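Numbering (the working numbering), first residue to last: 6 to 300.
Backbone N, C-alpha and C fix where the C-beta goes; we use that ideal spot for every residue, glycine too.
Keep in mind it's a predicted model, so treat the numbers as computed, not measured.
Heads up: the structure comes next, in C-alpha cells.
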C-alpha cells in the first residue's frame with residue numbers, strides 16, 4: 006500500500022528562507038501532499054499562503070505564540086494526516102524528488118529515514134553516517150552516497166513513521182532553545198524499542214544554515230551555550246550510565262572555552278558561569294524526567 010506523506014516545517018523568524026524552501030518544493034512532491042507550516046514568534050500567514058497558491062502547493066498554516074522547536078514538531082505530528090511525516094528545517098532547499106526514501110518503509114521495522122542533507126563545500130564521507138559513540142562523539146556525514154543503517158537521523162531532513170509516536174512518545178520538549186539532540190534522543194528511543202533507522206541518499210537537500218532566526222547564536226550567544234550544555238547533559242544522562250556522563254562532559258571542554266572567552270565577543274562572569282549553569286540545568290531536567298517516568 007502506498008505511504009501517504011505529510012511535510013512538517015517549523016519556522017522561527019525566517020520568512021524569506023521559508024519562501025525559498027516552498028519554491029524548491031514545486032515539482033518535488035505530489036500535489037496532494039499536505040505541507041504543514043508551524044510558525045513561531047512572527048505571523049507571516051498571508052505571505053506563505055500567497056506563495057503556496059502561486060506554486061500550487063497544499064499548505065496548512067498554524068501559529069504558535071510560544072517558540073519551541075520540539076513543541077512545533079509535536080504540534081505538526083498531531084495535525085498531520087499522512088502515514089509518513091517528513092520534517093524539514095526552514096533553511097533547506099530541496100533539490101530532488103522526495104519520494105525515494107519512502108521505499109524504506111516497506112520494511113515494517115524501519116520507523117525513521119534520514120535523507121541526504123549537505124552543506125556547500127563540505128567533504129563527502131562515504132560511510133559511518135549518523136553514528137553516536139559510547140563516549141559522546143557524533144559522526145554526522147549526512148552527505149554520503151551510500152545507504153546504511155544509522156543511530157540517529159539529522160533534524161533538518163528526516164522522515165518518521167507516524168504510528169511509532171504512539172509507541173515511543175513524541176519529541177521530548179525538555180530539549181529547549183536550540184533543541185540540540187532532540188532528534189537523536191527520539192532515534193535512540195526508537196532503536197531501544199527494537200526498530201531500525203536508515204540513511205537514504207535517494208533524496209537530498211541543501212542545508213543553507215541561515216545566519217539568523219531559528220536557533221542561531223545571533224539570537225543570543227550566551228543563551229545558545231546555556232541550551233547547548235543543558236541539552237547535551239540531559240541527553241547523555243538519558244542514554245549513558247551516569248558514571249560515564251562526567252567523562253563525556255569533560256570532552257566538551259572546547260565548547261566551554263568558546264563560551265567563556267567569546268573569541269571577540271562577550272567575556273564576562275556570565276560567560277564563564279554559563280557552561281556550569283547549563284550542566285546543572287541538564288541534571289535538573291533529568292531529575293524531572295526520572296520522576297515523570299517512575300512506574
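Supposed contact pair residue j and residue i - C-beta distance, whole angstroms, cut 8 Å
i	j	result
residue 158	residue 105	Actually they are not in contact, since the Cβ atoms of residue 158 and residue 105 sit about 15 Å apart, beyond 8 Å.
residue 45	residue 77	6 Å
Nearest candidate by alpha-carbon position, reference residue i, set the options
i	options	result
residue 90	19, 12, 29 and 39	12
residue 109	195, 164 and 29	164
residue 236	208, 281 and 199	281
residue 131	206, 47 and 238	206
residue 70	299, 47 and 111	47
residue 17	134, 8 and 72	72
residue 262	249, 278, 248 and 253	278
Cut-off 8 Å between Cβ atoms - residues of its own chain near residue i, not counting five sequence neighbours on either side
i	result
residue 93	12, 13, 14, 26, 99, 161, 162 and 210
residue 249	139, 140 and 241
residue 31	60, 61 and 62
Contacts around residue i, its chain only, beta-carbon distance under 6 Å, and the 5 residues preceding and following it disregarded
i	result
residue 79	175 and 176
residue 81	13, 41 and 43
residue 208	101, 103, 105, 106 and 120
residue 284	234 and 238
C-alpha gap between residue i and residue j, whole angstroms
i	j	result
residue 194	residue 166	14 Å
residue 181	residue 74	8 Å
residue 23	residue 88	24 Å
residue 147	residue 64	28 Å
residue 60	residue 28	7 Å
residue 56	residue 20	11 Å
Per-residue burial, residue i [other beta carbons within 10 Å of its own, 16 or more giving buried]
i	result
residue 251	exposed
residue 115	buried
residue 139	exposed
residue 218	Annotation note: pLDDT 49 at residue 218 (below 50); position unreliable, coordinate value reported separately. Answer is buried; the Cβ neighbour count reaches 16.
residue 198	exposed
residue 143	exposed
residue 125	exposed
residue 171	exposed
residue 129	exposed
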